[in-house]
Structure formats: C-alpha cells, structure tokens
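Presented below is the structure to which this report refers.
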Amino acid sequence: MSANRALVVVLFVFTALLVQTTVLSRLGFLGARPDLVLVVVVCLALTDGPGVGMFAGFGAGLLQDLLSDHTLGMLALVLCCVGYAAGIVRAYLDRLAITTPMLFVGVATTGATLGFGALLALLGDPRVSPVGLVRSVALTALYDVVLTPFVFAAVSALSDRVDDAKRVG
Amino acid sequence: MYRDSRRLRLILALLVVISFTLITVDYRSGEGTALAGLRRGAATVVGPVQRAVTRVVRPIGQALSSVGDLGTLDEEVDRLRKENAQLRTRLRAAEDLERRVAELDRLLGASGGRGAEILPATVIAETPNNFEWTITLDRGSRDGVRADMTVITGDGLVGRVLDVAPFTSQVLLAIDPQSAVAARLANGQVGLVRGNGIEPMVLELREPDVKVAKGDVVLTSDQGTYVGGIPIGVAETITRQPTLTMRVTIKPYVRYTALDIVGVILSAPRETPAAAVRPTPSASAAPDPRATSTPKPTPTPTPAPTATPAASPTG
C-alpha cells in the first residue's frame, strides 16, 4: 500500500465520519440512521483487502468512540473485525458484481449492529432493547445498502486513479 | 500471501486486544482519566471541522432531517395549513366587516334623513336562475318584516319584500321584470319604473309633454306600495314612443349584482311623504353619486305659482 493510498483511505474515513456526524445523524428516519462510516469501511475492504479494511475499521471506530458517549473501544473492535472479515471474504470472489458490495454491506451492517448492541448490553447500557435493536438492524442495513453503490463507486474510482498515478510515476 | 495473511491475523488480534483493553479501562475508570483526555482531544480536533462542515451543509442537513421527519412534518404542515386558512378567513371576515360597517353607516345616514325606522338585513341568497331577480334576507316576520315593505341601501331603492318567513324574507329587486315601481321625477312628473332584467330599467311617463333631461333623478313615489322619496337612478336615454308616452331608461344607483347589506323600511317616515321628497339623504357621504346630479330642491316650483296670484290682487 502506497503512501498515496493510505492518505486516500484516511481521507475517506475522515470524510465519512464528518458527513455521518454532521449530516446523516440528523437523518433519523423511522428511528434509525444510515451508517456511512461502516459502508466506507466495507467498501475499502472490498477494494483494498482485509489489511486496509481492518485498519480503516479500527481507526474509524476509535474516532467514533472518542466522539460518542459509549464506552471507548467498542466501535473500534466491531469495525475492525468487520473490515477484516469483508476483506477476507472478498478474497474468495473472482470479480465483483454490482450487487456484491450491497450484499456485503447488508451482512456487515447486520453483524456490526448486532455486535455493537451485544457489547452495549454486555456492559449494561440501558439504551439497548431487543425491539429497538431489531428495528435499527433492519433499517440501518436497508439505508446502508442504498448508500453502497455511490460509496463503492467513489472508493473504487479513487483507488483506480491512485493506481494509475503510481503506474505513471 | 500466506505469510501476509498470518501477519494480518496477528495485527487483527492486536487491534482486538487493544479494543478490549480500551473498553475495559474506559468502563472501569469513568471520568477524569487519560482516556477522558483522549476523548476531549478528539473532540477538540474534530469539533471545529464538524462545525465548519455543519455550517456549509446545514441546508442539506436540514433538508435531510426534514425528510427524516416526514411523518411529523406532514402533521405540522397540516396544522399550519389549517391555521393559515383560519387566519385568512378571519382576515377576510374583518375586511368584509369594515365594508359592511361602512355600508351600514350610509344606510343609517339615509334613514336618518327620512326619520324612517330601518331594519338592517344581510343578503343571504340570490336567485339561482337567470329569469328572476330576487334576494333572500336574513330577517323575517320575527324581526317585523312584512310583505310589500320597501328595501333600500344607502344608495337607493333595492326592491320590495315579496314573501316573509319567520326568519328570512324574499325581496323582489326593482330590476325584476315583474317589478313596477310608482316613480316620479324631481319635478313631480309621475310614471312607472319597470324592471328589465339585465337591461336597464325603464321609466314610462304617461304625459307626453314632460320635460325630462338626461341626468334627472328618478325617485319612488309615495302613491304606490313603496315608501316615497327613495332615489332609484338617473335618467339616461329619453325616447318618445309612438303611443305618445315617454320611455326613459334609468341608470340605477344601486348595483343589484353586488348587494350585501340592505335596509328594510319597517315604518314610513314620521313626516308627511312630501317632506321625504328630498333626494339627498342628510348624511352627506362624499362619494355619493347623487351629490353631483342632484337637481334644485323640489319645492321651488310650488312657491312660484302661489306667489303670482298673491301678488296680482295687491298690484
């Protein structure tokens, strides 16, 4: 992984985090929000492999942890695992269909939300309830899947451009 | 590749351990520790950026949040729309009220000049078809309205009461072809004003050698059903009929298509009908159409003949 690519990944994660906290956090539709950061992490894992997915997930999760109210490290743990897993599974696929990222994001969102909810419940956080968890899993997964094509297009486009630049340079 | 994935797994394990450590430490310690400082640091760094971004994308954020609030927003829109409609209605009612107060003022002014008792009434309905010209008032026999009473506005004659119900009454407008109003000119010539629907009303004068000019005021005569002395309109075109009668079209003072508040004359004036002849009501409303076209007071011709005989014996 080049330094350029690392910068792109950091920018992606940071932008996603900003958009998530400033814009999408207001978009509480039917009591759930899309998770752009998670979508970006999964897309990065699909284009750049489990290593990048893992680091991006950990960084993004930790930053979200720091900016949130819950116990530090929970989202870092969850997103780190999600990024790694997405990258690993992607390695078994020859080529990506258009719907593949959506499927990945759908599964990843479900897993991440459930995992995060489980962690919260484990630490006795009163905000998590079974009904709320199911609803937020279903809705967040739906929103994330809808967001995926755009995010994936952006991530892979920038990935190609950086590779081209590397080839030329 | 194989070594690579092993390394990755190692790093993953490391990150997971770090995460769990963070969770444990943060969960145990609470506030005032190094981790809290870390949080504060992150907030210090990211906060300004977030604020800047928010400032830029606030319209987007609000648009999105309004999309998110679609359900409640609909209710809000509904509520505001209802309120708006209510306010608009109230405003219209207030405007209407102002206009009606003005009309009532003029009506009372008109009645004051004649000493008649006038019952204000509101037009609540008009004839729906094109062949009759009647209106329905919101006053009936309970209010003292009786058939054949004269109905006026501040401008002039409206018509007469046709039918009376307990709470409403029907008025035959002077422009209805059924309507025939005993009328006279200011100079005392009598005739009959017939309604003609949307065509102008016509004054038929029986005597052939009547001096009538355009702009002469036509009033009701007290010899008929109507209360005398109420202005109907001004003469417009004068044609001599082959039957030696004069046919005078009248431009009415009252706009019969825009009636709202009218007055029912409950009792005839206290004074003699002749005194009610004065065409101008005492309340001198500035935009009164009669003010310009008012002829000399009618009594003028009367003293002249009496003066001459009185003078001749002396001389």
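Residue numbers (my numbering), protein chains in the order written: chain A, 1 to 169; chain B, 1001 to 1315. By construction, the Cβ of each residue, glycine as well, lies at the ideal position given by its N, Cα and C atoms.
Would you say residue i lies against chain A (beta-carbon separation less than 8 Å)?
i: I1135 of chain B; result: no
i: R1081 of chain B; result: no
i: V1077 of chain B; result: no
i: L1259 of chain B; result: no
i: R1039 of chain B; result: yes
i: Q1050 of chain B; result: yes
i: V1123 of chain B; result: no
i: P1287 of chain B; result: At P1287 of chain B the pLDDT is 42, less than 50, meaning the model places this residue with poor confidence; the figure from the coordinates comes in the next sentence. So, not an interface residue.
i: A1042 of chain B; result: yes
i: V1101 of chain B; result: no
i: V1262 of chain B; result: no
Determine, using beta carbons only, whether residue i comes closer than 8 Å to chain B.
i: L139 of chain A; result: no
i: L18 of chain A; result: yes
i: G132 of chain A; result: no
i: R5 of chain A; result: no
i: A76 of chain A; result: yes
i: Y84 of chain A; result: yes
i: T21 of chain A; result: yes
Cutting at 6 Å between CB atoms, please list the residues of its own chain near residue i, excluding the five before and the five after it.
i: G985 of chain B; result: The first residue shown for chain B is 1001 and the last is 1315, placing residue 985 of chain B beyond what the model contains.
i: M102 of chain A; result: V145, T148
i: L1080 of chain B; result: none
i: S156 of chain A; result: T47
i: T140 of chain A; result: A32, D35, T109, T113
i: D1096 of chain B; result: none
i: M54 of chain A; result: C80, G83, Y84
i: V10 of chain A; result: none
i: L119 of chain A; result: M74
i: A16 of chain A; result: L36, V37, V40
Which same chain residues end up closer than 7 Å to residue i when comparing Cβ atoms and leaving out the 5 residues on each side of it in sequence?
i: T1134 of chain B; result: T1127, L1162, Q1170, V1171, L1172, L1173, D1176
i: I1230 of chain B; result: T1150, I1152, G1156, L1157, L1219, T1220
i: V12 of chain A; result: Strictly speaking, residue 12 of chain A in this sequence is Phe, with Val absent from that position. V40, L44, V155, listed in sequence order.
i: P1120 of chain B; result: L1104, L1107, I1261, G1263
i: V171 of chain A; result: The question about residue 171 of chain A has no answer here: the residues shown for chain A are numbered 1 through 169.
i: V137 of chain A; result: T110, T113, L114
Which same chain residues end up closer than 8 Å to residue i when comparing Cβ atoms and leaving out the 5 residues on each side of it in sequence?
i: R1090 of chain B; result: none
i: A1165 of chain B; result: G1140, S1141
Under 8 Å by Cβ, that's how I've got residue i and residue j pegged, so tell me the actual separation to the nearest angstrom.
i: V966 of chain B; j: A1235 of chain B; result: Residue 966 of chain B lies beyond the residue range present for chain B, which begins at 1001 and ends at 1315; the question has no answer from this structure.
i: R1100 of chain B; j: I1250 of chain B; result: The pair is not a contact, with the Cβ atoms about 27 Å apart (cut-off 8 Å).
i: G1224 of chain B; j: V1181 of chain B; result: 7 Å
i: G73 of chain A; j: D1004 of chain B; result: Between D1004 of chain B and G73 of chain A the Cβ distance is about 26 Å, and since that is not below 8 Å, they are no contact.
i: R1206 of chain B; j: G1191 of chain B; result: 7 Å
i: T21 of chain A; j: L67 of chain A; result: 7 Å
i: L63 of chain A; j: A1042 of chain B; result: 6 Å
i: V1193 of chain B; j: A1183 of chain B; result: 4 Å
i: R1160 of chain B; j: D1143 of chain B; result: Wrong, their Cβ atoms sit about 16 Å apart, outside the cutoff.
Less than 8 Å between CB atoms is the rule here; does residue i satisfy it with respect to chain D?
i: C81 of chain A; result: Any reference to chain D falls outside this structure, whose protein chains are A and B.
Can at least three beta-carbon pairs, one atom from the stretch 141-152 of chain A and one from the stretch 80-94 of chain A, be found at a separation below 8 Å? no
In the stretch 44-74 of chain A, which residues sit with their C-beta less than 7 Å from some C-beta in chain B, listed in chain order? P50, G51, M54, F58, L63, L66, L67, T71, L72, G73, M74
Closer than 9 Å, Cβ to any Cβ of chain A: which residues of the stretch 1001-1035 of chain B, in chain order? D1004, S1005, R1007, L1008, R1009, I1011, L1012, L1015, V1016, I1018, S1019, F1020, T1021, L1022, I1023, T1024, V1025, D1026, Y1027, L1035
With three or more beta-carbon pairs closer than 8 Å as the criterion, would you say the stretch 1133-1145 of chain B touches the stretch 1210-1230 of chain B? no
For the structure I just gave you, are there three or more beta carbon pairs, one from the stretch 90-98 of chain A and one from the stretch 107-127 of chain A, closer than 8 Å? no
Three CB pairs or more closer than 8 Å across the stretch 75-84 of chain A and the stretch 47-58 of chain A: yes
Three or more C-beta pairs under 8 Å: does that hold for the stretch 105-114 of chain A against the stretch 4-15 of chain A? no
Residues of the stretch 107-123 of chain A in Cβ contact with chain B at a cutoff of 9 Å, in chain order, please. L119, L123
Decide yes or no for the touch test of the stretch 34-43 of chain A against the stretch 1009-1018 of chain B: beta carbon pairs closer than 8 Å, at least 3 of them. no
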